[in-house]
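A.B. asks: Heads up: the sequence shown begins at 11 in our numbering, then just goes up one per residue.
To start, I am sharing the structure in question, which I have written as structure tokens.
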Amino acid sequence: MAEVIAGMARAEHPACYEFVRRQTRQDQQALEAGATLLRDIATDLRARDVAALMAWKSPETYDPVPEALLKQALKGAAGNDTARVSSALEPMAFADLCAMATAADYLRQAAQHLRLYGGHGNAAKPQRELI
Numbered sequence: 011m012a013e014v015i016a017g018m019a020r021a022e023h024p025a026c027y028e029f030v031r032r033q034t035r036q037d038q039q040a041l042e043a044g045a046t047l048l049r050d051i052a053t054d055l056r057a058r059d060v061a062a063l064m065a066w067k068s069p070e071t072y073d074p075v076p077e078a079l080l081k082q083a084l085k086g087a088a089g090n091d092t093a094r095v096s097s098a099l100e101p102m103a104f105a106d107l108c109a110m111a112t113a114a115d116y117l118r119q120a121a122q123h124l125r126l127y128g129g130h131g132n133a134a135k136p137q138r139e140l141i
């Protein structure tokens, strides 16, 4: 699980998909809604820095965001706790906010994909570490 979290901190699509796949069906639904909240807050915070936004060029790979902040933001997002998500994201640098928004979008897409096209989560051995 540590390598999945590390991949999520670098906004890697396969890691985000694998994390969602390991959740129970109920937790996948919470992640889908929570990831949307996380992405929306990160996008809002990025939009406040217009100069950085205009100068931003998306990298091929992201530098990892602090895993503790990633976990805090995910826990808050899965619990629909806007204040907790905002407090985790507000001190982040612009590039880290971009990485978080990308990772959140990958989580949301994975949860949607599993909901629409199959995959019932890993109910036998869910990874309840973050949510």
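For every residue, glycine included, the Cβ atom is placed at its ideal position computed from N, Cα and C.
1. What separation, rounded to the nearest whole angstrom, lies between the Cα atoms of residue 73 and residue 93?
2. Could you spell out where the alpha helix (DSSP H) holding residue 115 opens and where it closes?
3. Taking the Cβ atom as the reference point for each residue, do residue 79 and residue 102 lie within a distance shorter than 8 Å?
4. Determine the burial state of residue 115: buried for a count of at least 16 other Cβ atoms within 10 Å of its Cβ, exposed for fewer.
5. I need the DSSP call for residue 189, collapsed to helix, strand or coil.
6. Are the CB atoms of residue 34 and residue 118 nearer to each other than 8 Å?
7. So residue 121 and residue 42 are in contact, right, with Cβ under 8 Å, and what is the actual spacing, rounded?
8. In the DSSP assignment, the alpha helix (DSSP H) including residue 68 goes from what residue to what residue?
9. Would residue 111 and residue 56 be called neighbours here (beta carbons separated by less than 8 Å)?
C.D. replies: Reading it off the structure:
1. One C-alpha to the other measures close to 25 Å.
2. Taken as a continuous stretch (DSSP letters only), the alpha helix (DSSP H) holding residue 115 covers 104-127.
3. Here residue 79 is near residue 102, since their CB atoms are less than 8 Å apart.
4. Buried is the call here.
5. A question about residue 189 goes unanswered here, because the residues of the chain that appear run from 11 up to 141.
6. No; because the gap between Cβ atoms is not below 8 Å, this pair is not in contact.
7. About 4 Å separates the beta carbons of residue 121 and residue 42, which is inside the 8 Å limit, making them a contact pair.
8. Counting along the chain, residue 68 falls outside any alpha helix (DSSP H), and DSSP gives it neither H nor E.
9. Judged by their CB atoms, residue 111 and residue 56 are nearer to each other than the 8 Å cut-off.
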